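S.K.: In the working numbering, the protein residues as written are 2 to 183.
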């Protein structure tokens, strides 16, 4: 089983961190194999960036994405560049407050206002963790438990409670609005 994930947006949204956390969750807590790659522009914040994760039950022979099963797109630029690449039957997760999207009949489109949810928790910076919660609700390649453990291991101790609330908010948002998935 090879599963491919792309997370894309702009610098400062935690895109790279979210990809790294997902790969760590698969390897450290679910006992799977994973490969993680990242790309970003020269800007420290605000430039385009992407994280790509391949998860497999067997060693990952080719670490680059071919046809993503899932994409989390957190900017208009990312949506325009990557939305069409999600394979038919795949999952497309977008923040509708940041992305003007089009319905696609061939993918499962999940509209998750991660930035707004994060702001309601008091810190916009946890929008990436809201998206990881949404991912856990929709995609069985990495378990909810593994993703949450990886999030909590990756963040400073004084932010763990906030990050756990952000993760659960994203998870519950998808479960309540879109039903079963993972």
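From the three backbone atoms N, C-alpha and C, an ideal C-beta is built for every residue, glycine too.
The structure displayed is predicted, hence computed values, not measured ones.
According to DSSP, is residue 76 part of a helix, a strand, or is it coil?
M.R.: Coil at residue 76, not helix or strand.
S.K.: So what does DSSP say about residue 23, is it helix, strand or coil?
M.R.: Residue state, collapsed to three classes: helix.
S.K.: Please classify residue 85: is it buried, with 16 or more other beta-carbons within 10 angstroms of its beta-carbon, or exposed?
M.R.: The residue is exposed, with fewer than 16 neighbouring Cβ atoms inside 10 Å.
S.K.: Once you ignore the five residues that flank residue 95 on each side, which residues in its own chain have a CB closer than 7 Å to its CB?
M.R.: Same-chain partners within the cutoff: 74, 80, 102, 112.
S.K.: Which residues in the same chain have their Cβ closer than 6 Å to the Cβ of residue 147, if we skip the five residues on either side of it in sequence?
M.R.: Cβ neighbours of residue 147 beyond the five flanking positions: 26, 30, 31.
S.K.: Please report the straight-line C-alpha distance between residue 171 and residue 107, rounded to a whole angstrom.
M.R.: Rounded to the nearest angstrom, the two C-alpha atoms are 23 Å apart.
S.K.: Report, in whole angstroms, the separation of the C-beta atoms of residue 88 and residue 70, which I expect to be a contact under 8 Å.
M.R.: Contact flag correct, Cβ pair sits at about 6 Å.
S.K.: Using CA coordinates, which residue listed in 174, 5, 178 is at the minimum distance from residue 187?
M.R.: Because the chain here runs from 2 to 183, residue 187 falls outside it and cannot be looked at.
S.K.: Run through DSSP, which three-state label would residue 161 get?
M.R.: Residue state, collapsed to three classes: helix.
S.K.: DSSP three-state label for residue 65, please.
M.R.: In the structure shown, residue 65 sits in coil (DSSP, three-state: anything other than H, G, I, E or B).
S.K.: Output needed for residue 2: all residues of its chain with C-beta closer than 7 Å, excluding positions within five of it in sequence on either side, in chain order.
M.R.: So the qualifying residues of the chain are 57, 58.
S.K.: Ends of the beta strand (DSSP E) at residue 110?
M.R.: Per DSSP, residue 110 belongs to the beta strand (DSSP E) from 109–112.
S.K.: If distances are taken between C-alpha atoms only, which option among 157, 167, 49 comes closest to residue 122?
M.R.: Of the listed residues, the one whose Cα sits closest to residue 122 is 167.
S.K.: Would you identify the three-state DSSP class for residue 6, choosing helix, strand or coil?
M.R.: Strand, per DSSP.
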